[in-house]
Structure formats: C-alpha cells, structure tokens
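Chemist:
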Amino acid sequence: MSTGTPPRKTLNRAIGALGENAAQRHLQKLGCRILERNFRCKAGEMDIIAEQGGTIVFAEVKTRSPRAEFAPETAVDGEKQGRLIATARFYLGRYREPSPHRFDIVSVYLDDRDQVSRIEHFPDAFQP
Numbered sequence: 001m002s003t004g005t006p007p008r009k010t011l012n013r014a015i016g017a018l019g020e021n022a023a024q025r026h027l028q029k030l031g032c033r034i035l036e037r038n039f040r041c042k043a044g045e046m047d048i049i050a051e052q053g054g055t056i057v058f059a060e061v062k063t064r065s066p067r068a069e070f071a072p073e074t075a076v077d078g079e080k081q082g083r084l085i086a087t088a089r090f091y092l093g094r095y096r097e098p099s100p101h102r103f104d105i106v107s108v109y110l111d112d113r114d115q116v117s118r119i120e121h122f123p124d125a126f127q128p
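Going by my numbering, the residue at position 5 of the sequence shown is 5; the numbering climbs one at a time, nothing skipped.
Here it is, written out as structure tokens:
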C-alpha cells in the first residue's frame, strides 16, 4: 500500500536537480558557459563542468533544506574531493588539452516550500 509519500531516493534526486538547475543559472549569470551536466565516468561524477574566461570550472553542487543540520559545502570532504579530482583528470585527459581549471562548490539553500532561498558560491574551493 502506498502512503502517497515519494521514496526518499526520488525526493533526494528531485532536490538535487532543483539545486543543480539553480547553480547552473547562477554560474551562467557569472559568465560561465556550461559544457556538461552530470558528467559520469569510471572515476566518478561531476555535477557541472563549465568554462569561464579560459578556465575550466568543475562545480560540485550541494543542496540542503532548512531542516539540514550542516552547511552544504561541508559534505565535500577529503574523500569526495579525491573523487572529484579524479573525475576532472579523466575529463581533461579525454576531452581537453591541458587547461587552467579550478574546483568550485555551489551551496544551494531551500526554504520550507523547497524554493531556492540562497546560493553561496565558493570559487577555487580546494586544490588537487
């Protein structure tokens, strides 16, 4: 019997997509050209790959509801950074000549109605 409540995994995907769409718009307003969304390879996944002024931007998006106990960007720990770096190396090796690049984190906060209430962008958030 269904309770009418979507499964948690489905809800998390919807919230993630909402945050990624907001992050994409934010990056575009800053002059980024979006190259890839949800890029996947054997090394991992990258939410957004963009280009800004000749620099490749590898962006990890973290979205949180007001009920979350921690800031979204804190979820990008050393282990996650390692996977993002490996994914970026794969992408650069396969699709790009050596290019300047950086790793950004975009934190998207939702309000009680699951609308975007705030975006915090951390350019060059970590180094390989």
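Glycine included, every Cβ here is placed at the ideal spot set by N, Cα and C.
1) My understanding is that D104 touches P128, with C-beta atoms under 8 Å, so please give their C-beta distance in whole angstroms.
2) Whose C-beta lies closer than 7 Å to the C-beta of A22 among residues of the same chain, with five residues either side of it excluded?
3) Are the region 80-88 and the region 61-70 touching, with three or more C-beta to C-beta distances below 8 Å?
4) For the alpha helix (DSSP H) holding E20, just list the boundary residues, first then last.
5) Hey, out of F126, T55, R37, whose CA is closest to R96's CA?
6) In this structure, how does DSSP classify K42 when only helix, strand and coil are distinguished?
7) Just how far apart, CA to CA, sit R40 and L92?
8) Grab the span of the beta strand (DSSP E) containing T55 for me, first residue to last.
9) Given H121, which residues of its chain have a CB within under 6 Å of its CB, disregarding the five upstream and five downstream residues?
10) Judging by CA-CA distance, which residue of P72, K29, I49, G19 is the nearest neighbour of D114?
11) Tell me which residues share the same chain as E129 and place their Cβ nearer than 8 Å to its Cβ, disregarding the 5 neighbours each side in the sequence.
12) Can you tell me whether DSSP reads E120 as helix, strand or coil?
Modeler: For this structure:
1) No, D104 and P128 are not in contact; Cβ-Cβ is about 14 Å, not under 8 Å.
2) V108, V116, I119
3) no
4) 8-29
5) T55
6) coil
7) 13 Å
8) 55-64
9) V106
10) G19
11) The question about residue 129 has no answer here: the residues shown for the chain are numbered 1 through 128.
12) strand
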